[in-house]
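Worksheet: the structure to be examined is printed underneath.
In this note's numbering, the protein residues as written are 10 to 184.
Structural data, given as structure tokens:
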């Protein structure tokens, strides 16, 4: 839990804010103060810049590891609180079981709904196909009957013409 002083950088500008809020100073002095305060938080020399980067290079991993440790301690503390006693452990197991049952029921309901929807779509498609087949069969049979009637008519006409030609030919031959 290391802390650093606020004057070592990081971009904090609290002194600048306090100097800019003063209204009693004249404008040129205020400008000088503002310029001085902005440069005072920045490292002036190369050595100070190197020192700032070195501090950051050390403090960032330290801070990250401390945060990770705090999170781990909080997690372990929470688990110990839940699973310390047999009743607590059984309570958590029952909670997990209830959640599993709820999830299973939800999946089963969705599966039933999906199956019902698919079966309904299949029935609808089957009935559309059966209706189309019946219509096509009726249309085909109607066309066949029509063609048969036309052929019978044509054959009757042709037969009567042939008989007339035969009778005319016999009458011409016989006369």
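Glycine is no exception: its CB is placed at the ideal position from the N, C-alpha and C atoms.
Contact under 9 Å by Cβ, residue i with residue j
| i | j | result |
| --- | --- | --- |
| residue 70 | residue 60 | no |
| residue 92 | residue 106 | no |
| residue 97 | residue 87 | no |
Where the alpha helix (DSSP H) through residue i begins and ends
| i | result |
| --- | --- |
| residue 162 | 95–183 |
| residue 52 | From DSSP, residue 52 is part of no alpha helix (DSSP H); its letter is neither H nor E. |
Close Cβ partners of residue i (< 7 Å) along its chain, the five nearest in sequence each way excluded
| i | result |
| --- | --- |
| residue 160 | none |
| residue 172 | none |
| residue 115 | none |
| residue 12 | Reliability of the predicted coordinates at residue 12 is poor, the pLDDT of 47 falling under 50, and the value obtained from them is presented with this limitation in mind. For residue 12, where only same-chain residues beyond five positions count, there are no Cβ hits under 7 Å. |
Close beta carbons around residue i, own chain, < 6 Å, minus the five adjacent residues each side
| i | result |
| --- | --- |
| residue 111 | none |
| residue 18 | Only weak support is given to the placement of residue 18: the predicted model assigns it a pLDDT of 47, under 50, and the value that follows is read from those uncertain coordinates. Counting only Cβ-Cβ distances below 6 Å, and skipping sequence neighbours, we find 61. |
Cut-off 8 Å between Cβ atoms - residues of its own chain near residue i, not counting five sequence neighbours on either side
| i | result |
| --- | --- |
| residue 121 | none |
| residue 58 | 52 |
| residue 73 | none |
Min CB distance residue i to chain D below 9 Å
| i | result |
| --- | --- |
| residue 155 | No chain D appears in the structure shown, which is made up of a single protein chain. |
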